[in-house]
Structures are given as C-alpha cells and as structure tokens.
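Reviewing the structure listed below.
Protein chains: 2
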Amino acid sequence: MSVITDTIRNGVNTEQMFGTLDLIKAQPELARFQFRATNRWINGAHNRSTIQNFYAAGGEDTSRSQAFALDAGEPAILLGSDTGANPAEYLLHALAACLTTSIVYVAAARRVHLTSVQSTLTGDMDVRGALGVDDEPRNGFERIGVSFRVTGNAPEDKLREVVERAQKRSAVYDMVTNGVPVAVEVTTH
Amino acid sequence: MSVITDTIRNGVNTEQMFGTLDLIKAQPELARFQFRATNRWINGAHNRSTIQNFYAAGGEDTSRSQAFALDAGEPAILLGSDTGANPAEYLLHALAACLTTSIVYVAAARRVHLTSVQSTLTGDMDVRGALGVDDEPRNGFERIGVSFRVTGNAPEDKLREVVERAQKRSAVYDMVTNGVPVAVEVTTH
Numbered sequence: 134m135s136v137i138t139d140t141i142r143n144g145v146n147t148e149q150m151f152g153t154l155d156l157i158k159a160q161p162e163l164a165r166f167q168f169r170a171t172n173r174w175i176n177g178a179h180n181r182s183t184i185q186n187f188y189a190a191g192g193e194d195t196s197r198s199q200a201f202a203l204d205a206g207e208p209a210i211l212l213g214s215d216t217g218a219n220p221a222e223y224l225l226h227a228l229a230a231c232l233t234t235s236i237v238y239v240a241a242a243r244r245v246h247l248t249s250v251q252s253t254l255t256g257d258m259d260v261r262g263a264l265g266v267d268d269e270p271r272n273g274f275e276r277i278g279v280s281f282r283v284t285g286n287a288p289e290d291k292l293r294e295v296v297e298r299a300q301k302r303s304a305v306y307d308m309v310t311n312g313v314p315v316a317v318e319v320t321t322h
Numbered sequence: 134m135s136v137i138t139d140t141i142r143n144g145v146n147t148e149q150m151f152g153t154l155d156l157i158k159a160q161p162e163l164a165r166f167q168f169r170a171t172n173r174w175i176n177g178a179h180n181r182s183t184i185q186n187f188y189a190a191g192g193e194d195t196s197r198s199q200a201f202a203l204d205a206g207e208p209a210i211l212l213g214s215d216t217g218a219n220p221a222e223y224l225l226h227a228l229a230a231c232l233t234t235s236i237v238y239v240a241a242a243r244r245v246h247l248t249s250v251q252s253t254l255t256g257d258m259d260v261r262g263a264l265g266v267d268d269e270p271r272n273g274f275e276r277i278g279v280s281f282r283v284t285g286n287a288p289e290d291k292l293r294e295v296v297e298r299a300q301k302r303s304a305v306y307d308m309v310t311n312g313v314p315v316a317v318e319v320t321t322h
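Each protein sequence line maps, in turn, to chains L and S.
The first sequence runs 134 to 322 under the numbering used here.
The second sequence runs 134 to 322 under the numbering used here.
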C-alpha cells in the first residue's frame with residue numbers, strides 16, 4: 134500500500150510522469166504533438182466540434198475509443214438559444230482547466246498533496262468591437278482575471294510556488310497571454 | 134411567410150440583430166459584457182468548469198435556466214484518463230466555434246444564405262516546454278492551422294469576403310492571435 138500511496142499523488146501516477154520526462158529528455162523528437170478539432174455549423178450560433186485522435190510521441194494516437202462532442206452557442210442577447218457555452222466562455226474554461234491541471238501535476242512532482250483547487254475566471258469585453266459597431270474596442274477580452282483557491286498539506290509559500298511554476302508551464306496560459314500565429318485557409322466548393 | 138424568410142437568415146434573427154446594433158450605437162455603455170467560468174479540480178487531470186450567468190447590457194443576465202458543465206481531461210500519454218478533451222483542444226474548439234458563428238452572423242447581415250460551414254483546426258506543440266524538460270520550446274502551440282469549407286448561395290468572392298470579415302471581428306481569433314493580459318491571484322486557506 135505504501136508504494137501505491139507514494140506513486141499516485143493527486144491522482145497522478147508520478148512514476149509514469151518521471152518515466153515520460155526521462156524518455157522525452159533522451160528522445161526529444163517524441164515531444165512533437167499535434168492536437169485537432171473538426172467543427173460543423175448546425176444552425177444560427179449552434180455549432181459542434183468533434184475531438185478524438187491526435188499525433189503524439191512519433192505516431193498517431195488512436196487510444197480514445199470515442200470522440201468528444203462539444204456544442205457551442207450564444208445566449209439570447211447575442212442572438213442564440215443557449216445551445217452551449219459561447220466561444221469566449223470556452224476560452225475561459227480552456228485557461229482554467231490548463232492552469233488547474235498544471236497546478237495538480239507540479240504539486241504531484243513536488244510531493245505536495247492537494248486537498249482542493251478552485252478558480253473563478255472573468256473576462257471583460259466591450260462587444261462593440263466584435264459586433265463591428267466601433268473599431269476602437271478590441272474584439273476579445275480586454276483583460277482576464279483568474280482567482281485561485283488552493284489548499285493542501287504544504288505551507289502557504291510552497292503552495293504559492295506551485296501555482297507560480299504551473300503558470301510558467303501552462304500551455305493555454307502561454308497561448309492566451311502571448312498569442313499564437315493562426316493561418317486560415319478557405320475553400321468554397 | 135415571406136416576412137419570416139426575410140428576417141431569419143442562417144438561423145439568425147436579422148431584425149433582432151440590426152435592432153441590437155442600433156441600440157448599442159445609441160447607448161455604447163450597454164456594450165460592456167463580462168463572461169465567467171468557475172472551475173473545480175476533481176482528480177488528476179480531471180476538472181470541471183461551470184458556466185451560467187454573465188453581465189451584459191447594463192445588468193446581470195440570469196436568463197440561462199441551467200449551467201453548462203464542461204469536463205476537461207488528458208489522454209493516457211499525458212497522464213490522464215480521457216475524462217474530457219484536454220485544455221489545448223478546448224482552445225481549438227473555442228477558436229473554431231467563434232470563427233464559425235462570426236461567419237454565420239456576417240453572412241446573415243449580408244444576405245448570404247449559407248448551406249454549410251465546416252472546419253478542421255490543428256495545433257502543433259513541442260511538449261518539452263509545457264513539461265518543463267526544456268526552456269527553449271514555448272509551452273503552447275507554435276502555430277494553429279484553420280481550414281474552412283464554406284458553401285452558400287453566393288459567388289466564391291463573396292463567400293471569401295464573409296470569412297475575411299468574420300476573422301476581423303471574431304473575439305476568440307483576436308484573443309488567440311494577439312493575446313490578452315491575464316491577472317492571477319491566489320489564496321491558500
């Protein structure tokens with residue numbers, strides 16, 4: 134039992150984690166991943182993404198037995214019928230989820246047993262930009278606020294250090310704060 | 134019937150759309166919105182966001198009768214058990230959904246009847262960054278590719294113009310390409 138207790142921390146298999154890190158250090162070419170989503174318009178503000186396979190560690194990963202289906206929508210005030218969270222809300226979720234998983238993994242690596250991780254995210258937007266009413270406000274959020282409450286069996290300093298390290302390593306935090314080049318191509322037949 | 138056909142285009146109520154635009158032009162202070170997500174860690178890479186109310190048009194919008202619950206996870210190779218799409222995949226979905234809705238709304242405003250909008254998004258990542266193995270690769274996607282297929286009752290030029298305009302107005306496209314300032318605060322008790 135003590136072996137299991139030592140290996141699985143915060144629900145993360147740390148033996149597997151350190152094994153993966155060693156493997157990638159030895160063979161950096163295995164670190165090339167590609168994630169994907171395919172999306173289809175349904176009606177009005179309702180569209181759906183399907184997410185399943187991805188490229189990882191030198192080959193196509195087909196281990197997911199079924200696809201994830203994600204429905205987007207807009208509330209009535211933005212001309213939809215709430216068929217799902219709206220795209221900007223999905224971005225907040227992506228950021229919350231990535232920071233949270235980063236906190237959990239960093240804590241596991243540093244022998245911190247967490248008891249809870251909760252967060253509230255807010256994004257402030259002047260919708261004149263996205264609606265095309267005025268060119269001055271940007272289209273997206275002007276700012277995002279993230280408020281974490283993290284508890285666990287470590288002193289406050291250690292818990293704060295875990296959050297800081299997680300922020301420095303989060304993929305979505307990097308993308309949302311620094312931006313990513315996006316290339317769009319279109320066919321019409 | 135012809136009135137209904139003229140007003141609802143691509144599933145979008147264009148009368149309501151133009152009414153909203155006029156109202157926001159007249160009272161720009163109504164354009165201040167705030168979207169939110171609250172997230173709770175469950176175990177390992179599994180966490181869940183809850184999304185419901187938001188601030189819009191001068192007051193709290195409580196019109197959604199229930200919250201959207203979004204589960205995040207990681208595949209086995211990233212130490213999870215596929216409890217949901219992973220955070221980076223959610224970001225691709227947010228981008229796909231926002232561009233698609235923008236295309237649908239812009240087309241509705243320009244009297245273009247769409248028959249289909251489909252897209253495939255890819256995000257390329259060297260996971261050495263996010264895993265903390267190497268400081269050189271960035272944590273997030275190096276680039277995102279978006280491939281749209283858009284069909285409708287308009288010439289190719291017009292359809293391409295709709296996609297270009299949508300790109301210029303999409304909230305998530307703006308955030309993902311340009312970045313957003315994110316402020317993180319932490320409590321530990």
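Beta carbons: idealized from backbone N, C-alpha and C, even for Gly.
The structure presented is a predicted model; accordingly, all values stated were derived computationally and were not measured.
Asked                                                                                                                                                                 : Found
For R197(L), report the span of its alpha helix (DSSP H) as first-last.                                                                                               : Looking at the DSSP string, R197(L) is not in any alpha helix (DSSP H), and its letter there is neither H nor E.
Taking buried to mean at least 16 other C-beta atoms within 10 Å of its own C-beta, is T320(L) buried or exposed?                                                     : exposed
Do A190(S) and I210(L) have their C-beta atoms within less than 8 angstroms of each other?                                                                            : yes
As an exercise, report each continuous alpha helix (DSSP H) stretch of at least 4 residues that is fully enclosed by the region 138–208 of chain L, in chain order.   : 147–159
Does the CB of F151(S) have a neighbour CB from chain L at under 8 angstroms?                                                                                         : no
Classify H322(L): buried if its beta carbon has 16 or more other beta carbons within 10 angstroms, exposed otherwise.                                                 : exposed
Using CA atoms only, rank isn't needed, just tell me which of D215(S), A241(S), E318(S) is closest to D278(L).                                                        : Before going further, note that residue 278(L) is Gly rather than Asp in the sequence given. Selected option, being the one with the closest Cα: E318(S).
Nearest chain S C-beta to H226(L) closer than 8 angstroms, yes or no?                                                                                                 : yes
In chain order, what residues of the region 237–258 of chain L put their CB closer than 9 angstroms to some CB of chain S?                                            : V237, Y238, V239, A241, A242, L247, S249, V250, Q251, S252, T253, L254, T255, G256, D257, M258
Just checking: is the beta-carbon of N180(S) within a distance shorter than 8 angstroms of some beta-carbon in chain L?                                               : yes
What ranges does the alpha helix (DSSP H) occupy inside the region 251–278 of chain S, keeping only unbroken runs of at least 4 residues that lie completely in it?   : 261–264
Using a Cβ-Cβ cutoff of less than 7 angstroms, which residues in the same chain neighbour I157(S) once the five nearest sequence positions on both sides are dropped? : L163, A164
Using a Cβ-Cβ cut-off of less than 7 angstroms, give me the residues of the region 197–215 of chain L that come near chain S, in sequence order.                      : R197, F201, L203, A205, E207, P208, A209, I210, L212, D215
With H, G and I counted as helix, E and B as strand and the rest as coil, what does DSSP make of S214(S)?                                                             : coil
For A178(S), which of V237(L), V295(L), L247(L) has the nearest alpha-carbon?                                                                                         : V237(L)
By how many angstroms is the C-alpha of Q160(S) removed from the C-alpha of T171(S)?                                                                                  : 30 angstroms
Pull the bridge partners of S249(L) from the DSSP assignment, please.                                                                                                 : T284(L)
If the cut is a Cβ gap below 7 angstroms, which residues of chain S does T321(L) touch?                                                                               : V283, T284, E289, L292, R293
So, is Q199(S) buried or exposed, given that buried needs 16 or more other C-beta atoms within 10 angstroms?                                                          : exposed
For A202(L), does the count of other Cβ atoms within 10 angstroms reach 16, so buried, or fall short, so exposed?                                                     : exposed
Between the region 295–312 of chain S and chain L, which residues of the former have CB atoms less than 9 angstroms from a CB of the latter, in chain order?          : V296, E297, R298, Q300, K301, R302, S303, A304, V305, Y306, D307, M308, V309, T310, N311, G312
Where does V317(L) fall in DSSP's three states?                                                                                                                       : strand
What in chain L is Cβ-close to G192(S), meaning under 9 angstroms?                                                                                                    : Going along chain L, no residue has its Cβ under 9 angstroms from G192(S), so there is no contact; the nearest lies around 10 angstroms.
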